Each structure stands twice: as structure tokens, then as C-alpha cells.
Amino acid sequence: MFLILSCKFLFSSSSSGSATGFSVDFGSDLSEYAWIESAARHHGLPWKIDSYSSADFLATIRPMMWHQEAPIGGLMNCAFNLVMKAAKGRGYSVLQAGGGPDEAFGGYRNHHNLYLGMLLHSGSLEIEQRLAEYSCNWGVSSDIARCAAEMEISRGNTTIDGTIPVRPETLSLLVSGTPPLSAAPLGFIGDLLRDSQIHYLQGSKIPRNARMLDRLSMAYGIEIRQPFLDHRL
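Residue numbers (the working numbering): 1 to 233.
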């Protein structure tokens with residue numbers, strides 16, 4: 001029996017060919033309930049969505065840290081604990097994870113910002129059309145889109161939503177006076193966007209997420225497979 005796992009929506013299939021959808025919902029402005037339900041209905045799948053609360057986080061964070069033996073990156077990695085628990089409770093032992101497409105095909109906002117920034121600096125005639133598409137996709141004005149593109153080029157090393165992950169003002173004087181660790185250089189093929197995607201796939205994000213997901217799944221005796229990371233894709 002198998003459970004198919006994507007970043008936000010999951011479905012299980014058995015030898016009989018039947019399938020059931022699984023996911024988690026965070027509520028409030030982080031909810032993806034409507035999209036999960038829509039996907040399930042589109043594919044004709046029965047579905048079940050577990051709510052992930054602050055109480056769930058507090059109840060599981062210590063055992064998760066024990067299994068990870070390292071910091072846990074991101075809320076979704078914590079919420080996967082409910083998914084693993086549900087899969088184990090239903091007798092599943094293999095999960096196919098959906099990691100990789102965002103990294104490979106530029107699905108993150110900081111990559112969109114970087115793409116626009118490259119167009120701006122190259123003087124491309126496509127820039128106005130691409131700015132309009134970005135504005136429509138992210139629900140912002142063209143001026144905000146242009147500003148995000150310029151800032152991405154100038155600062156780099158942002159998180160997937162385009163924000164800066166480091167806040168020096170929150171550090172003590174002892175720590176803030178220490179020279180910062182520099183990020184590993186990209187420089188694979190000389191294209192800023194593609195080099196960033198390669199770095200995500202081979203050097204930072206995917207290796208880190210795969211490690212965390214594998215350790216969490218092993219805590220429940222479940223094997224993780226990631227077909228979207230097949231080099232042929």
C-alpha cells in the first residue's frame with residue numbers, strides 16, 4: 001500500500017486502486033483548505049484534512065527534535081508529523097513525496113523576483129508584460145513588483161517568499177559583532193536564476209528538506225520516496 005505525498009495535498013492508493021486524500025490545515029490566513037478540497041473533488045478522491053494547532057506543535061516539538069537531531073525547518077515539516085501518524089495508523093509503510101517541482105521550475109516568489117530583476121537589468125522589452133503578470137499572480141501593484149525585483153538583485157540570499165531571513169537587530173551585541181557566515185557561492189553556470197535553482201536542488205533546500213522528512217518518516221517506520229527528484233525529470 002502506498003501514500004502519495006505532495007507538499008500540501010496527499011493521497012493514498014492501495015493494491016485495489018482505491019485512493020484517499022490526506023492533508024493538514026493551519027487555519028486563519030495560512031489555510032489552503034479550499035484548494036485542497038478543490039483538488040480532491042477534481043480527482044474524485046475521498047479526503048480527510050487534519051487541523052494543525054499550536055497545541056499540536058507544543059505536544060510534538062520535543063520528540064521531533066530528538067528524531068531530527070537538528071533544528072526543524074518550517075511549520076510544514078512540523079505538521080508532517082500528523083500526516084505520518086495518520087499514514088501509520090492506516091497501515092501504510094511507503095510515502096511518495098512531492099518535493100522538487102518548485103525548486104526545478106521556479107515556483108517561489110524570490111525566484112520570480114530574481115527573474116524580473118534580471119529582465120530589468122538587461123533592458124528586456126518583455127519587462128512590462130512580465131511585471132503585469134507578476135502583479136496579477138501575487139496581487140500587488142506594478143511598482144511593488146518592480147521594487148521587489150530591484151531589491152532581490154541587490155541583496156540576494158532571501159527566503160522563498162522574498163524576505164530576508166536574518167534579523168541582526170534581534171541579536172545581542174556580542175553576537176552581532178561577530179563577522180557573519182557567508183553563504184556558499186553559487187556560480188554554477190553564470191545565470192543568477194538557474195544558479196539559485198541548482199543551489200536549492202543540490203546544495204541547500206532539497207537536501208535539507210529530504211533529510212528532515214526522511215528522519216520524521218523513519219520515526220514512524222515509514223519509507224519516503226521522491227519521484228520528482230529523478231534526474232531524468
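Note that CB positions come from ideal geometry on N, CA and C, so glycine has one too.
Bear in mind the structure is a predicted one, so any value in this text is a computation, not a measurement.
Taking all protein chains shown into account, do 16 or more other C-beta atoms lie within 10 angstroms of the C-beta of residue i, making it buried, or fewer, making it exposed?
| i | result |
| --- | --- |
| residue 173 | exposed |
| residue 103 | buried |
| residue 216 | buried |
| residue 21 | buried |
| residue 230 | exposed |
| residue 117 | buried |
| residue 58 | exposed |
| residue 97 | buried |
| residue 43 | exposed |
| residue 25 | buried |
| residue 84 | buried |
How would you write the range of the beta strand (DSSP E) that residue i sits in, first residue to last?
| i | result |
| --- | --- |
| residue 49 | 47-51 |
| residue 223 | 223-225 |
Closest to residue i by C-alpha separation, out of the options, would be which residue?
| i | options | result |
| --- | --- | --- |
| residue 80 | 49, 195 and 154 | 49 |
| residue 213 | 82, 37, 39 and 27 | 82 |
| residue 73 | 223, 136 and 204 | 204 |
| residue 68 | 195, 220 and 38 | 220 |
| residue 208 | 70, 161, 129 and 153 | 70 |
| residue 94 | 190, 175 and 225 | 225 |
| residue 158 | 131, 114, 32 and 55 | 114 |
| residue 100 | 232, 233 and 228 | 228 |
| residue 164 | 110, 194 and 46 | 110 |
What residues match up with residue i in a beta bridge as DSSP calls it?
| i | result |
| --- | --- |
| residue 68 | Bridge partners of residue 68: none, in fact. |
Following the continuous alpha helix (DSSP H) through residue i, name the residue where it begins and the one where it ends.
| i | result |
| --- | --- |
| residue 192 | 192-202 |
| residue 74 | That residue, residue 74, is in no alpha helix (DSSP H); it is neither H nor E in DSSP. |
| residue 105 | 101-105 |
| residue 33 | 33-42 |
For the region 121-190, which segments carrying the beta strand (DSSP E) assignment without a break, of at least 3 residues, lie completely within its bounds, in sequence order? Whole beta strand (DSSP E) segments, 3+ residues: zero.
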